[in-house]
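Here is the structure we will look at, set down as structure tokens.
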Amino acid sequence: MLKKAQIYGRYLMNNLVLVLAGFLFSINAFAELSEVKNFGKNPGSLKMFVYTPKNVKKSAPLVVLLHGCAQSAKQYDDETGFAHMAEKTGAVLLLPEQSSSNNIQSCFNWFEPGDITRGKGEAASIINMVNHLQEKKIASKKRVFISGLSAGGAMSAVMLALYPDKFAGGGLVAGVPFGCARSMFAGFTCMRSVNKTPEQWTSLVKKAFEHRGSYPKVIIFQGTSDPFVSPKNANELLEQWGGLHKASNEELVLDNNKIVHKTYKNSKGQSKVDVVMLKGMSHGHPIDMSSGCGSSGQWVIDHGVCAAEMMSKFFNLKR
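Its first residue numbered 72, the sequence shown is counted upward by one per residue in the numbering used here.
If you want it as structure tokens, here you go:
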């Protein structure tokens with residue numbers, strides 16, 4: 072019979088191996104996210120990180136990911152399930168990163184006039200990152216999408232409004248409509264929801280950039296128990312982007328114990344805006360760990376729903 076000391080020693084050794092394995096796994100996961108320092112003009116003083124899946128093709132689909140407040144690029148690639156999605160679809164991930172010197176909570180400044188005007192501030196930095204990857208033939212010029220959580224979701228709406236000529240679609244998680252705020256104080260009011268008509272919301276987008284083509288398709292995710300961003304914002308976003316697409320034909324896709332998923336089609340029967348209400352979910356990005364989609368963490372919630380997977384289908388991403 073082994074002595075207690077021997078048993079305890081083996082216990083420590085086995086657990087040390089597990090800890091080291093987890094540590095090495097984390098390093099390998101993070102090592103796949105590479106920083107690009109020279110991507111062009113950077114008026115918004117943001118950092119640029121890229122996730123490149125295995126066996127990627129030239130001019131691959133590109134998904135821009137904007138993290139939420141108090142998050143970083145490294146906390147938003149594999150944790151959210153997007154890295155897993157990238158490996159399945161062959162899409163390249165671009166992750167701009169905010170700094171505390173720009174915003175004390177490291178939130179993207181979706182409410183600052185100097186950052187939400189085409190060609191200026193943070194918006195310009197993000198689009199210059201996209202342009203850099205396209206010039207290097209890493210990313211497609213036509214299949215570019217964007218998604219973000221909370222402040223990142225609001226900033227994603229900004230990018231879709233300012234650059235509808237650059238993006239094919241967007242996934243907005245706990246976001247707010249474009250043009251809702253032009254100051255930090257107004258931003259807090261927006262998070263509680265500002266009620267406007269569809270005409271008022273669409274007018275804000277049209278004034279931001281004169282665009283004659285079609286607008287990006289949008290899928291909206293919102294927790295019904297979100298204490299920070301009012302669930303009412305999902306309807307305001309629907310009015311803004313549904314109004315731009317004239318997508319008023321509502322169809323129920325799924326209603327179960329986790330979500331209510333509706334799609335809104337235009338007169339041609341094309342789904343242009345989807346709304347996914349996450350029943351009982353708080354503030355965060357929804358994942359489904361049981362299917363290999365993400366890992367729970369700060370503002371990342373295992374709700375049994377993989378938003379990254381739903382977005383990839385909505386964007387029609389596949390190898």
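Heads up, the beta-carbon is just placed ideally off N, CA and C, and yes, glycines get one too.
DSSP assignment within the region 208 to 293 yields the following whole beta strand (DSSP E) runs of 3 residues or more, N-terminal first: 210 to 220, 240 to 244.
As a beta-bridge residue in DSSP terms, histidine 356 pairs with Val371. Look at phenylalanine 120 here: in three-state DSSP terms it is strand. DSSP places alanine 141 in the coil class of the three-state scheme, outside both helix and strand.
For valine 346, the beta-bridge partners assigned by DSSP are Ile291, Lys333. Glutamate 307 sits buried, since 16 or more C-beta atoms from the chains shown fall within 10 Å of its C-beta. For asparagine 320, the enclosing beta strand (DSSP E) stretches over residues 320 to 326. Aspartate 373 and methionine 381 have their alpha carbons spaced roughly 15 Å apart. Secondary structure remark: continuous alpha helix (DSSP H) runs of at least 4 residues inside the region 176 to 208, in chain order: 192 to 206.
Nearest C-alpha to proline 235 among Phe249, Lys159, Gly355, Gly185: Phe249.
Classified as buried, serine 196 has 16 or more neighbouring CB atoms from the shown chains inside 10 Å of its CB.
According to the DSSP assignment, leucine 309 belongs to the alpha helix (DSSP H) that extends over 303 to 316. Distance from the CA atom of glutamine 146 to the CA atom of alanine 318, rounded to whole angstroms, is 35 Å.
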